[in-house]
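Respectively, the protein sequence lines represent chains A and B. Using the working numbering, the first residue of the first sequence is number 38, and each one after it goes up by one. Using the working numbering, the first residue of the second sequence is number 38, and each one after it goes up by one.
There are 2 protein chains.
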Amino acid sequence: MARNRNITIRDIAQRAGVGIGTVSRVLNNHPNVSMSTRQSVQEAIVELGYRRRAAAKALRTRKSMAIGLITDFIAVTPFAGNVICGAQDVAWRRDHLLLVVNTNADSILEESATENMLERDVEGIIYATMWHREVTLPDNIREVPVVLVNCFVADRSLPSIVPDERRGGYAATEHLIRNGHRRIGFINHNVEIPAQVLRWEGYRKALATGGLGYDDELVVLRRSEPSGGYEAMRQLLHLPQPPTAVFCFNDRMAMGAYDAIKECGLKIPQDMAVISYDNQELLAANLHPGLTSMELPHYHMGRWAAEYLLDDLRDREVAPQIMLECPLIERQSV
Amino acid sequence: MARNRNITIRDIAQRAGVGIGTVSRVLNNHPNVSMSTRQSVQEAIVELGYRRRAAAKALRTRKSMAIGLITDFIAVTPFAGNVICGAQDVAWRRDHLLLVVNTNADSILEESATENMLERDVEGIIYATMWHREVTLPDNIREVPVVLVNCFVADRSLPSIVPDERRGGYAATEHLIRNGHRRIGFINHNVEIPAQVLRWEGYRKALATGGLGYDDELVVLRRSEPSGGYEAMRQLLHLPQPPTAVFCFNDRMAMGAYDAIKECGLKIPQDMAVISYDNQELLAANLHPGLTSMELPHYHMGRWAAEYLLDDLRDREVAPQIMLECPLIERQSV
DNA sequence: TAGAATTACGGAAACGATTCCAAACTTGCG
DNA sequence: CGCAAGTTTGGAATCGTTTCCGTAATTCTA
C-alpha cells in the first residue's frame, strides 16, 4: 500500500478514537496500554498507511538511531566491506543505521565528516583503517563515543580493536613447525608498521618455543608486493641450506613467492610449504594450490565495534584495547 | 573548541543582538542580511560553539540531506567500495551523507531497509548489485527516487546504469586483433547472465568487423573460477590449431588460464596473449605478467547514480538506461 | 463494599530549526 | 521634500514526535 506522507500521529489518534499519547505508547511498545486499544491503534496505523518521521523523533529524543562509520580507504581493499558488514549486522538488529563516510585519510574531510555526524546526533562513531596502524583523530570526534577498528591512538585513550598480529605470527609459524618443518623462512615487509613488527615477534617466539634457533639469513625484508615476494623467495632458495617452508607477510608477497618456487621446478607444498597473512579470498583461494593464510578478522572487528558502541559499555573508566585472534585458514599450501 | 550541545539558534540571536530569523538567514546564506549583522552572527556562532541540529532542520524542511545506498553483497568483492566511494564523492560535495545497508539479497531485509530509509526522508536510494543482473525490488522503494547500479528491472521503469558489456567484449577482442592476432579464443562463463551473453556478442561482432570467421571450437564455457579457466585453456591448447590469444570472461578465469599456459612452457604474451574482464586490481595487477583487463566502472556508476538523484533529473518522463563504457587497462599480457 | 493501589489514558509543552508576514529602515528619483 | 520601491529585520507559527502530569477507570484488599 502506498504510504501517505502526511499522516501524523494525530490522525491515527483521531481514527482510533484515542489520544496522541496513547498512539505514541503503542508505537514505542510502552506498557500500560490495554490490549484492545493497542489493537485499534495498530489497525488505524495500517489503514492510514502511517509512517513515523524519524526527524521528529530524533528532535525530541536527541537520539538518531544511527552510528557513523569513517574509513580511510574504502575502495582499495575488500576489507572495508567486511567491517561495514559486521558493524551493520549488529547495528541493524538494534534498529540502527550506518552513516558511512570515506575520507581517503584526508584530515580536513575527517573533521568535517565528524562534524556532520555530530549534527546528526549519531550515537557513536566507528573509525576504521584499512591497514593496522596508529592514527591521530580530529579533536571534535571525542564529543561522542568512538571505537577504533584496526587502528589505535598513541595514548590508548580510545577503545580499539585490532588483529592480534603477534599471536598470528606465532600461530602461522607454529603451524609450519607442527607440520614437521625445522627450517622456516620469513618473507617480511620492509617497512616498520605494527603488522611487520608484531608478526616478526610471533615468528621468533614460535621458533624459540619450538626449540628452533633464529637464523638471520632466513628472514628477508622486501616491498610488500608480488615482486618483493618473488625476489625474497629467490634469495632464500639460493641459500646454501634453503628453508623447507616459508611464512609470508601477506598474500601478495606469497603470490610472488609462488612464482619463484614454481620457476625453480619445486612443488608446493611438497618441496616448499607456504603460509601467509591477510587471507584475501580473491588471492588465497584462487592461487594454485590454495594458499593457507591467517585471516584478518575484519567482520568481527566491525561487529565488536558496533556492539561496544551500542551497549553503553562506553562509560568504563579505561578504554579497552582488544586484540582479536586471526584464525588460520587452511588450504593446500602446507 | 568543545561545542556545547545546548546552544540553540535563539542563544545566538540573543548574543548577536538580532532575531532568530536573521540567524537562520545567516546560517543558510540567504541574501538580505547586511554585512555587519552577518558578521556579528557568525562571531556569536563561533563564540558559543553552536552546532545546528540536523533533526530540527529535517523536521521542518522535510529534507534529510541524505541518500540511501542498498547493496546486495558488500563483503564479497572490492567492487562495493568503489560504488560507495563514487556515490559519496558526489553526495558529499552537495552536503549529503550516505546511509548504507547491505542486505545479502534478502528481500525481507531489503524492504525493511527501504522502510527505514523512507522514515528518515532520504532524498533517493541507490540500489547496487555486485554483479550485473536483473532485479526485482520491494514495492515501497518506488515512493522515493531510485537509481539502479549494475542492475535493472525487467520493465525498465527505473533509471539504471550498467557496464556496457557488449562494447567491452568488442573492445577486448578488437584489441587483440589490432595486435595482430587472427585466431582468438574466448573462455567464457557457463551461466547465461548478462555479462556472459553480452561479452560474447561483442566478441562475435569484433571478429566479424575484423574480417575473421567465428569458430565454435575457439569458445569454451566453464565455471567462472580459476579452475574453469585452467581447464578451458588446456582444451584450447590441445586444439589442432590453437589460438594465439585468448579473451577470458574474468580475471579469475584468466588466472587459471595463466597456469595452464605456463604449464605448457609457453610465454605470455609472446606465445599466448591474454586479455580479460573485471580488472580486479588485486588479481590483474599482481599476476605475472600484469594482466590486461577491461575495467568495470563501479566508481563512475556510483557517481552517476548520486548525481542523477541529486540533480532532480528524476522527473524525466522515461527512466534512462545508461550503459557505461568499460575502459581497457593495459598491462603486459597482450 | 469502601478505599487504596494500580493501570489506562488524554493532551499540553517541548525539542530546535525554517518560513512567512509585517514592520522598520534605506535608497532613489522627480 | 515626499513617496515608491527595495532592503533588512523580528518573531509567531509550524514541522511531528515524546514526555510528563493529572485524571479516570479498574483491580485488589480487608
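From the three backbone atoms N, C-alpha and C, an ideal C-beta is built for every residue, glycine too. This one's a predicted model, so the numbers in the text were calculated from it and none came from an experiment.
Beta-ladder partner(s) of residue i, from DSSP
| i | result |
| --- | --- |
| Phe189 (chain A) | A:Glu171 |
| Asn139 (chain B) | B:Thr108 |
| Arg282 (chain A) | For the record, residue 282 (chain A) in the displayed sequence is Ala; it is not Arg. Answer by DSSP bridge pairing, in chain order: A:Ile221 and A:Ala310. |
| Met360 (chain A) | A:Val199 |
| Val256 (chain B) | B:Phe223 |
| Ile163 (chain B) | B:Leu106 and B:Val184 |
| Ser330 (chain B) | B:Ser313 and B:Ile366 |
| Leu134 (chain B) | B:Ala103 |
Proximity test, Cβ basis, 8 Å: residue i and chain B
| i | result |
| --- | --- |
| Pro115 (chain A) | yes |
| Asp192 (chain A) | no |
| Met270 (chain A) | no |
| Asn187 (chain A) | no |
| Ala39 (chain A) | In this prediction, Ala39 (chain A) scores a pLDDT of 43, lower than 50, which makes its location untrustworthy; the coordinate-derived value is nonetheless stated afterwards. By this cut-off, Ala39 (chain A) is an interface position. |
| Asn153 (chain A) | yes |
| Asp308 (chain A) | no |
| Ala165 (chain A) | no |
| Ala95 (chain A) | yes |
| Ser330 (chain A) | no |
Within-8 Å CB hit, residue i to chain A
| i | result |
| --- | --- |
| Ile49 (chain B) | no |
| Pro277 (chain B) | no |
| Gly118 (chain B) | yes |
| Asp315 (chain B) | no |
| Ile359 (chain B) | no |
| Asp143 (chain B) | no |
| His212 (chain B) | no |
| Leu319 (chain B) | yes |
Among the options, nearest to residue i - alpha-carbon criterion
| i | options | result |
| --- | --- | --- |
| Asp192 (chain A) | A:Glu367, A:Arg157, A:Leu365 and A:Val355 | A:Val355 |
| Cys363 (chain B) | B:Asp315, B:Ala342, B:Pro357 and B:Met72 | B:Asp315 |
| Gly222 (chain A) | A:Ala291, A:Ala165, A:Gly58 and A:Pro182 | A:Ala291 |
| Val234 (chain A) | A:Ala103, A:Arg203, A:Val283 and A:Val113 | A:Arg203 |
| Thr114 (chain B) | B:His335, B:Val78 and B:Val228 | B:His335 |
| Glu300 (chain B) | B:Met270, B:Trp237 and B:Pro280 | B:Met270 |
| Ser370 (chain A) | A:Leu333, A:Asn323, A:Pro357 and A:Ile359 | A:Asn323 |
| Ala342 (chain A) | A:Ile366, A:Pro196, A:Leu146 and A:Thr329 | A:Pro196 |
| Asn65 (chain B) | B:Tyr164, B:Arg220, B:Gly206 and B:Lys94 | B:Lys94 |
| Glu180 (chain B) | B:Gly54, B:Glu152, B:Thr166 and B:Pro200 | B:Glu152 |
| Cys188 (chain B) | B:Pro182, B:Thr166, B:Gln79 and B:Gly206 | B:Thr166 |
| His337 (chain A) | A:Val199, A:Ile104 and A:Pro68 | A:Val199 |
| Asp158 (chain A) | A:Leu96, A:Ala294 and A:Leu146 | A:Leu96 |
| Ala232 (chain B) | B:Met360, B:Gly54 and B:Gly161 | B:Met360 |
| Met102 (chain B) | B:Trp129, B:Ala112 and B:Gln79 | B:Trp129 |
| Val311 (chain B) | B:Arg260, B:Asp48, B:Leu365 and B:Val55 | B:Leu365 |
| Cys122 (chain B) | A:Ala294, A:Ala112 and A:Cys122 | A:Ala112 |
| Gly250 (chain B) | B:Val78, B:His218 and B:Leu276 | B:His218 |
| Leu47 (chain B) | B:Pro263, B:Ala81 and B:Ser73 | One point to set straight first is that residue 47 (chain B) is Arg, not Leu, in the sequence displayed. Comparing Cα positions, the closest option is B:Ala81. |
Chain B contact residues for residue i, given Cβ-Cβ distances below 8 Å
| i | result |
| --- | --- |
| Ala342 (chain A) | Under the 8 Å cutoff, chain B gives no residues; its nearest Cβ is about 15 Å from Ala342 (chain A). |
| Arg157 (chain A) | Ala91, Ala92 and Leu134 |
| Ser71 (chain A) | Within 8 Å Cβ-Cβ: nothing; Ser71 (chain A) doesn't reach chain B, min ~27 Å. |
Within chain A, the residues that residue i reaches when beta carbons sit closer than 9 Å
| i | result |
| --- | --- |
| Gln125 (chain B) | Ile111, Val137, Val138 and Asn139 |
Closer than 7 Å at the beta carbon, the chain B residues around residue i
| i | result |
| --- | --- |
| Pro196 (chain A) | Going along chain B, no residue has its Cβ under 7 Å from Pro196 (chain A), so there is no contact; the nearest lies around 20 Å. |
| Ala291 (chain A) | Going along chain B, no residue has its Cβ under 7 Å from Ala291 (chain A), so there is no contact; the nearest lies around 10 Å. |
| Leu347 (chain A) | Here the premise fails: no neighbours, minimum Cβ distance about 16 Å. |
beta-carbon residue i near the ligand NAD non-hydrogen atom, thresh 7 Å
| i | result |
| --- | --- |
| Val83 (chain B) | The ligand NAD is absent from the structure shown, which contains no ligand whatsoever. |
Listed by chain order, chain A residues near residue i by CB distance under 7 Å
| i | result |
| --- | --- |
| Ile121 (chain B) | Ile111, Val137 and Asn139 |
| Pro263 (chain B) | Asn323 and His325 |
| Arg88 (chain B) | Leu155 and Glu156 |
Neighbour list for residue i in chain A, Cβ cutoff strictly below 8 Å
| i | result |
| --- | --- |
| Ser61 (chain B) | Per Cβ cutoff of 8 Å: no residues; Ser61 (chain B) is ~15 Å from chain A at best. |
| Ser77 (chain B) | Near Ser77 (chain B) there are no residues of chain A at all, since even the closest Cβ is about 23 Å away, more than 8 Å. |
Partners in chain B for residue i, counting only beta-carbon separations shorter than 9 Å
| i | result |
| --- | --- |
| Ser370 (chain A) | Those within 9 Å of Ser370 (chain A) in chain B number zero; the least Cβ separation is about 14 Å. |
| Ala294 (chain A) | What Ala294 (chain A) touches in chain B: nothing, since even the nearest Cβ is about 12 Å away. |
Given 8 Å, three or more beta-carbon pairs between the region 299-312 of chain A and the region 83-92 of chain A: No: the two stretches stay apart, fewer than three of their Cβ pairs being nearer than 8 Å.
Inter-stretch contact at 8 Å, needing at least 3 Cβ pairs: the region 202-221 of chain A / the region 274-288 of chain A: Touching, per the Cβ criterion.
Contact between the region 115-127 of chain B and the region 96-115 of chain A (3+ Cβ pairs under 8 Å): With a cut-off of 8 Å, the region 96-115 of chain A and the region 115-127 of chain B count as touching, because enough Cβ pairs lie within range.
Meets three-Cβ-pair contact criterion under 8 Å: the region 127-141 of chain A and the region 130-149 of chain B: Segment contact: the region 127-141 of chain A against the region 130-149 of chain B, three or more CB-CB distances shorter than 8 Å; contact assigned.
Any 3 or more C-beta pairs closer than 8 Å across the region 156-173 of chain B and the region 166-185 of chain A: Touching, no, given that fewer than three Cβ pairs across the two stretches are closer than 8 Å.
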